[in-house]
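Protein chains in written order, with this note's numbering: chain A, 1 to 193; chain B, 1001 to 1137.
Ideal Cβ placement from N, Cα and C applies to all residues, glycine included.
Since this is a predicted model, take the numbers as computed values, not measurements.
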Amino acid sequence: MLFTDQNDEQIITEYLSSNKEEVFRFLLNKYDKHAYNFVRQMVVNNNDAEDITQEVFIKIWKNLKKYKNGQNFKTWFFTIAKNTTIDFLRKKKSIVFSDLESKTNEIGEGDSFDFSETIESNELLPDEIIQKIQDREYLNKLLSQISTIYKTILLLHYQEEMTFEEIGKILDKPLNTVKSYHRRAIIKLREIA
Amino acid sequence: MQEENIKKAFQNLSFSPKDDLSFSILSKILKKEKRIRRIKLVGHSLLGFLSIVGFFPVFKSLFSELAKSGFYEYFSLAFSSGSNITFYWKELMLSLAESLPVVNILFSLILVFVFLLSIRYMLKQIISINHMGRSYV
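Set out below in structure tokens:
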């Protein structure tokens, strides 16, 4: 297929210089499922997820000129998706990211809590839990019980296969904070599983 | 291995959009782009119209300044008594240059430039709107 041998940056440069819709269509087809899935995990409702996904791509289209060459497109894309979803949740007066972040201390029971001591270095989740979360419904239920920021990190890391550094850029958090959140998320999963 | 199993579990959880989602997104973008192009078309048409309206006072003032400064007289000298012109052509050129109403000429040129530019952008918007209608959807 056309453009398959080009990276995202080259495709965007091509679109901005030619303004050909098939170039944008290629980018859209490449990322629409990722965007929808990410948004859908956050908002629960299918119709809302579709509306937000549409909004995400309209923002992408409007802001493509602001995309800086050399920037990781996937990171930039998910930053827009995350911000659009948060805006939607704020408008709906659902739980927002900033509120949820304060909840992250609930596991720590104090600032000096060292999360690295809680999880053995080679084992994220016990095999029993890993077996249980292979069930889609069960994992979905678990994720609905954890805060949005934990969920976001887990989804971006395990579903989108993004590094903690990339996730840090999306969430605008330092690398260590993201790693710490990831550990807390895993601990939370272990607690509720 | 553990990480791979967790990835597998999360990837099973993926939600897929309806088949027509990308079509809906493209249609929305098309609508927005058409709207933006129409607004630009109106803006450039208005600018073109205003520059045409501006032609009347600016050119009127230019011609009256040319008449006042004696430009026409110097200019007509260039086409009379050929022998004198060959001797005094430098002085004549200088007088012609001095009699030019520079500010008025500048305004006229700017106005012509704005008019041509607005025509160019108007055509660009019209072509884009027609092209979008055929190709996006």
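Along chain A, which residues have their Cβ under 7 Å away from the Cβ of residue i?
i	result
N1005 of chain B	I130
Q1011 of chain B	Q159
P1017 of chain B	D32, K33, Y36, E50, T53
L1021 of chain B	D32, Y36, E50, T53
Which two residues bound the contiguous alpha helix (DSSP H) that contains residue i?
i	result
V178 of chain A	175 to 192
N1005 of chain B	1002 to 1012
M198 of chain A	Residue coverage of chain A in this structure runs from 1 to 193, which leaves residue 198 of chain A outside it and unanswerable.
S1064 of chain B	1021 to 1068
I129 of chain A	127 to 133
F26 of chain A	21 to 43
Y150 of chain A	148 to 154
N69 of chain A	Run containing N69 of chain A: none; DSSP gives neither H nor E here.
K62 of chain A	46 to 63
L1100 of chain B	Counting along the chain, L1100 of chain B falls outside any alpha helix (DSSP H), and DSSP gives it neither H nor E.
K92 of chain A	That residue, K92 of chain A, is in no alpha helix (DSSP H); it is neither H nor E in DSSP.
Q10 of chain A	8 to 18
F3 of chain A	No alpha helix (DSSP H) holds F3 of chain A; DSSP gives it neither H nor E.
F1071 of chain B	1071 to 1077
L143 of chain A	136 to 144
Find the residues of chain A that neighbour residue i, judging by a C-beta separation of less than 8 Å, and give them in chain order.
i	result
I1029 of chain B	F24, F57, I58, W61
Could you tell me the alpha carbon to alpha carbon distance between residue i and residue j, rounded to whole angstroms?
i	j	result
K169 of chain A	P126 of chain A	30 Å
L1050 of chain B	R1120 of chain B	15 Å
L1047 of chain B	M1122 of chain B	10 Å
T13 of chain A	F1015 of chain B	30 Å
A193 of chain A	I129 of chain A	7 Å
I149 of chain A	S1128 of chain B	43 Å
K91 of chain A	G70 of chain A	33 Å
F73 of chain A	F1063 of chain B	58 Å
D99 of chain A	L175 of chain A	Bear in mind that a pLDDT of 49 at D99 of chain A, under 50, signals an unreliable position, so the number given afterwards is only what the model happens to contain. For D99 of chain A and L175 of chain A, the distance between alpha carbons rounds to 21 Å.
F947 of chain B	F1115 of chain B	No information on residue 947 of chain B is available, as it lies outside the stretch 1001 to 1137 that chain B covers here.
K179 of chain A	F1113 of chain B	59 Å
A185 of chain A	H157 of chain A	12 Å
L1057 of chain B	Y1072 of chain B	Note that residue 1057 of chain B corresponds to Pro in the displayed sequence, not to Leu. When rounded, the distance between both Cα atoms is 20 Å.
S112 of chain A	R183 of chain A	Per-residue confidence for S112 of chain A stands at a pLDDT of 40, beneath the threshold of 50, marking its modelled position as unreliable; no derived number is given.
S1108 of chain B	E1091 of chain B	27 Å
R1038 of chain B	Q1125 of chain B	7 Å
L89 of chain A	K82 of chain A	11 Å
T163 of chain A	A35 of chain A	17 Å
Y31 of chain A	K1018 of chain B	14 Å
S1076 of chain B	I1052 of chain B	30 Å
H1131 of chain B	I60 of chain A	22 Å
I146 of chain A	D87 of chain A	20 Å
L16 of chain A	K1007 of chain B	35 Å
E21 of chain A	K1031 of chain B	13 Å
Below 7 Å on C-beta distance, what does residue i contact in chain B?
i	result
R40 of chain A	F1015
I133 of chain A	A1009
R136 of chain A	N1012, L1013
L124 of chain A	Q1002, E1003, I1006
So which residues of chain A does residue i contact, with C-beta pairs closer than 9 Å?
i	result
Q1125 of chain B	In chain order: nothing, as chain A lies at least about 13 Å away.
M1026 of chain B	According to the sequence displayed, residue 1026 of chain B carries Leu and not Met. Those within 9 Å of L1026 of chain B in chain A are E21, F24, R25, L28, F57.
Residue i versus chain B: which residues are under 8 Å apart at the beta carbon?
i	result
N47 of chain A	Within chain B, no residue comes near N47 of chain A; the closest Cβ sits about 10 Å away, beyond 8 Å.
N140 of chain A	L1013
Near-chain A residues of the stretch 1051 to 1063 of chain B - C-beta to any C-beta below 7 Å: Near chain A, meaning a CB-to-CB distance below 7 Å, no residue of the stretch 1051 to 1063 of chain B qualifies.
According to a CB-to-CB cut-off of less than 8 Å, which residues of the stretch 145 to 170 of chain A neighbour chain B? Taking 8 Å as the Cβ-Cβ cut-off, the stretch 145 to 170 of chain A approaches chain B at L154, L155, Y158, Q159, E161, given in chain order.
Please list, in chain order, the residues of the stretch 1033 to 1045 of chain B that have any C-beta partner in chain A closer than 9 Å. Going along the stretch 1033 to 1045 of chain B in chain order, one finds E1033 with a Cβ nearer than 9 Å to chain A.
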